[in-house]
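Undergrad: In my numbering, the protein residues as written are -16 to 220. What follows is a single structure, and I will ask about it in a moment.
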């Protein structure tokens, strides 16, 4: 691996670190969305219960239905968030693949380069593993939110007049959102682990970049042997 390829590997590591960081931000947005949806669902459940105990049952049923409408609004954000998350995860995955490909082709006969490769490879491997694990967890969370979304859509104007139908929708949405919440907490832990390894990899890559540039600078200052030798003098007369 030459100095140029060393820099290319480092660039790929930096790109992976940036992509994982952006993925972490999206995971936080997803968590906030689900938390907000759960609060709305609690309000719907409370009004649904009041409908059984109050003479104003129809009022509370209507209020519960409005809460489910707010729940639908929260769930509507999920597809875009999931899409954005996968864009960042896929970008991170590709950058990790690029970095590993370059490192696999490294000429480790140079002990300096061999040491750099040995430091970087394990960290990059962890980032790749965590990103690969994050994808199915994210997909599962999205599926649970979509099921909750569908449950909230099942409540029609006619259904609001039927407390049993409303309670069923609330129970289904609550179960699915609870599962989504668990999935996203796990997803957050996985992406946090990936981000930590990516930061460590970027730190190592920064050192490698500094060393590579220093070697390039030293090589540019080395005199060329053919021009450094004094020219022969003509024979004296």
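Ideal Cβ placement from N, Cα and C applies to all residues, glycine included. Since this is a predicted model, take the numbers as computed values, not measurements.
Exposed or buried, what is residue 120 when buried is set at 16 or more other beta-carbons lying within 10 Å of its beta-carbon?
TA: On the chain shown, position 137 is the one that residue 120 refers to. Classification for residue 120: buried.
Undergrad: Along the alpha helix (DSSP H) that carries residue 203, what are the first and last residues, could you check?
TA: Residue numbering aside, residue 203 sits at position 220 when the chain shown is read from its first letter. Looking at the DSSP string, the run of the alpha helix (DSSP H) that includes residue 203 is 146 to 204.
Undergrad: Can you tell me whether residue 80 is helix, strand or coil according to DSSP?
TA: The residue labelled residue 80 in the question sits at position 97 within the chain shown. Reduced to three states, the DSSP call for residue 80 is helix.
Undergrad: Quick one: using the 10 Å Cβ neighbour count with 16 as the cut-off for buried, is residue 132 buried or exposed?
TA: Within the chain shown, numbered from 1, the residue matching residue 132 stands at position 149. Its Cβ being crowded by 16 or more others within 10 Å, residue 132 is buried.
Undergrad: What number of angstroms, rounded off, separates the C-alpha of residue 183 from the C-alpha of residue 171?
TA: What you label residue 183 is simply residue 200 of the chain shown in a count that begins at 1. What you label residue 171 is simply residue 188 of the chain shown in a count that begins at 1. Approximately 18 Å, taken between the alpha carbons.
Undergrad: Taking just the CA atoms, how far does residue 125 sit from residue 14?
TA: Locating residue 14 in the chain shown gives position 31, where the first residue counts as 1. Locating residue 125 in the chain shown gives position 142, where the first residue counts as 1. Each residue's Cα considered, the two are about 11 Å apart.
Undergrad: Tell me the rounded alpha-carbon separation between residue 103 and residue 45.
TA: As a working mapping, residue 103 is identified with position 120 in the chain shown. As a working mapping, residue 45 is identified with position 62 in the chain shown. So the two alpha carbons sit approximately 59 Å from each other.
Undergrad: Since residue 71 and residue 6 are thought to touch, with beta carbons under 8 Å apart, how far apart are those beta carbons, to the nearest angstrom?
TA: Along the chain shown, read from residue 1 onward, the residue named residue 71 stands at position 88. Along the chain shown, read from residue 1 onward, the residue named residue 6 stands at position 23. So it is a contact: roughly 4 Å between Cβ atoms.
Undergrad: Reducing DSSP to helix, strand and coil, say where residue 92 ends up.
TA: Taking the first residue of the chain shown as position 1, residue 92 is located at position 109. Correct three-state label for residue 92: coil.
Undergrad: Can the beta-carbon of residue 110 be found less than 8 Å from the beta-carbon of residue 188?
TA: Position 127 of the chain shown, counted from the first residue, corresponds to residue 110. Position 205 of the chain shown, counted from the first residue, corresponds to residue 188. No, they are not a contact pair.
Undergrad: What span of residues does the alpha helix (DSSP H) with residue 45 cover, start to end?
TA: On the chain shown, residue 45 is found 62 positions in, with the first residue counted as 1. Unbroken alpha helix (DSSP H) run through residue 45: 40 to 59.
Undergrad: Based on Cα-Cα distance, which residue from 38, 50 and -4 lies nearest to residue 19?
TA: What you label residue 19 is simply residue 36 of the chain shown in a count that begins at 1. Minimum Cα distance to residue 19 is reached at 50.
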